[in-house]
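Remember, my numbering sits 3 above the position in the sequence shown when you count from 1.
First up is the structure itself, then whatever we jot down about it.
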Amino acid sequence: MRRAIIAGTGSYVPEYRMTNDDLAKIVETSDEWIASRTGITERRISTGENTSDLAYEAARRTLQIANIDATEIDLIICATITPDSFMPSVACIVQERLGAKQAAAFDLTAACSGLIYGMACASSFIETGMFQNILVIGAETLSKTLDWTDRSTCVLFGDGAGAVVLSASDSCNGISAIHLLSDGSKQDYLCLPALPLINPMIQEIENQPQVITMKGQEVFKFAVRSIAVHINTVLEKAKVSEEDIKYIVTHQANCRIIEQASKSTKIPIEKFYMNLDRFGNTSAASIGIALDEMVQRGLLTSGDKLILVGFGGGMTSGAILVEWK
Ligand code: UT7
C-alpha cells in the first residue's frame, strides 16, 4: 500500500530569548506565575525576521536532513496564522527561495492544529498518487499579533518554525491513521481579526485591534478533551494499543493541559514529549519544532509509533498516528 512517511524534519527559531523575568518588566507578571500556570520559562521572539524567513530556514534544514533536492518537491504547504502578507503566501515565498521550481504552494489556516491539517492533506495527496514529496511547514511570528499590555496572552506565545517532508513509500510504515475535527460554534474562544470591512458602501466602521484574544479556561478544557478524543480515535483507526505508542507529541501550549490529558487518558506523562518550557506556544510551529528536537536528540528509531495531536483556534483539532521510518 502506498503511504506517506516522514522523510525528514527541520526547525528554526529566532535567536533572541525572552525570559519570564524580561516579561515582568513589560507587564504585571512574574516568573513564578508564568512557570507554575503554564510551564513556560522562556520563548524566542523575532528581532526582525518575518514568518517566511523562519519558514524558509526550517524548510532548508528539512530538505538537507531528508537528502531531497528542492526540485524534487511537488507541493509546499505552509500552516500559519501570521503570514507576511495575504498574498503572496508564505509557501510561495519559500518556494522561490528554496528553488523548488516544480512545486505547487499554498498556505493553510488551522491555527495551532495547522501542521496536523497540513500533514493530513499531504498524506492524502501522496496516497492518491498525485504527489511524491511534500514539504509541510508550520511557521509563526506570533509576537507581531500580541497585545503586549495584556498579561493574560502575551506571556504565552513565541516565534518559530517547524517542518516535515512527507514522501511516498510502499512500505507499511508511515502515516496509518488521521482524525480531524472542527467546531465553529466555539469560534470566539481564540480570535485574531484580519482587515476590517471598509468600502464605499459601509457607513459604520467597526475597528477591532489586530491582536490575539482568548477565553483561556475554555480553551484549556477544549484542549484536554480534544487530546483524549483524538488519541483514542487514531488508536482505534490504526488498530493499535496505547502500549505500542512510544511518544505523544501534542501542540505545546501549556504543561498543565498535557498533564491533565495524561491523567484523563491514563497514558503515562513520560510518553508526552514537552519542550514548551523553552519555546512557549508557537501555534502551528510547535509540533514540528518538538518533533525535530526529538530527532536531533536521537529519541526516535525505526518502527517507533508516535501520535501527533493539535488543537487550536477555530476551534480545530486533529491527530496523526505515524510509524517512524
Ligand atoms: O494554542 C492554544 C492557545 N491557548 C491556550 O493554550 C490557553 C489555555 N489556557 C491556559 O493555558 C490558562 O487558562 C492560562 C494559562 C491562560 C491562564 O491560567 P488560569 O489558571 O486559567 O488563570 P486565570 O485566567 O483563571 O487567571 C487567574 C489569575 C487572575 O487574577 P484574579 O482574577 O484571580 O485576581 C488573572 O488576572 O491570574 C491573573 N493573571 C496573571 N497574573 C500574573 C492572568 N495572567 C497573568 C499573568 N501574570 N501573566
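Every residue, glycine too, gets a C-beta built ideally from N, C-alpha and C.
Listed as beta-bridge partners of R20 by DSSP are R47.
Around the CB of I310, 16 or more other CB atoms lie within 10 Å, so the residue is classed as buried. Cα atoms of P212 and A287: separation of roughly 22 Å, rounded to the nearest angstrom. Boundaries of the beta strand (DSSP E) harbouring K249: I248 to T253, taken from the DSSP string.
Fully enclosed alpha helix (DSSP H) runs of no fewer than 4 residues occupy 258–268 and 279–282 of the region 234–290, in order along the chain. For V214, no alpha helix (DSSP H) run applies, since DSSP gives it neither H nor E. In its chain, beyond the 5 residues on either side, D87, V93, I96 and V97 have a beta carbon closer than 7 Å to the beta carbon of S55. The region 169–183 makes contact with the region 109–122: 3 or more CB pairs, one atom from each, lie closer than 8 Å. Residue pairing of Y15 in beta bridges, as defined by DSSP: A164.
Here DSSP, grouped into helix, strand and coil, assigns F223 to helix. With contact defined as three or more Cβ pairs closer than 8 Å, the region 203–221 and the region 239–255 are not in contact.
Here V312 has I230, H233, T253 and A322 as same chain residues with Cβ atoms under 6 Å from its own Cβ, once five neighbours each way along the sequence are excluded. In this structure, ligand 1 has a non-hydrogen atom nearer than 6 Å to the beta-carbon of C115.
Sequence-distant partners of N278 (beyond 5 residues in either direction) whose C-beta falls short of 8 Å from its own C-beta, in its chain, are Q255, I292, A293 and E296.
Distances from the CA of V158 to each of S320, M318, E326 and V30 were compared; the closest alpha carbon is that of V30.
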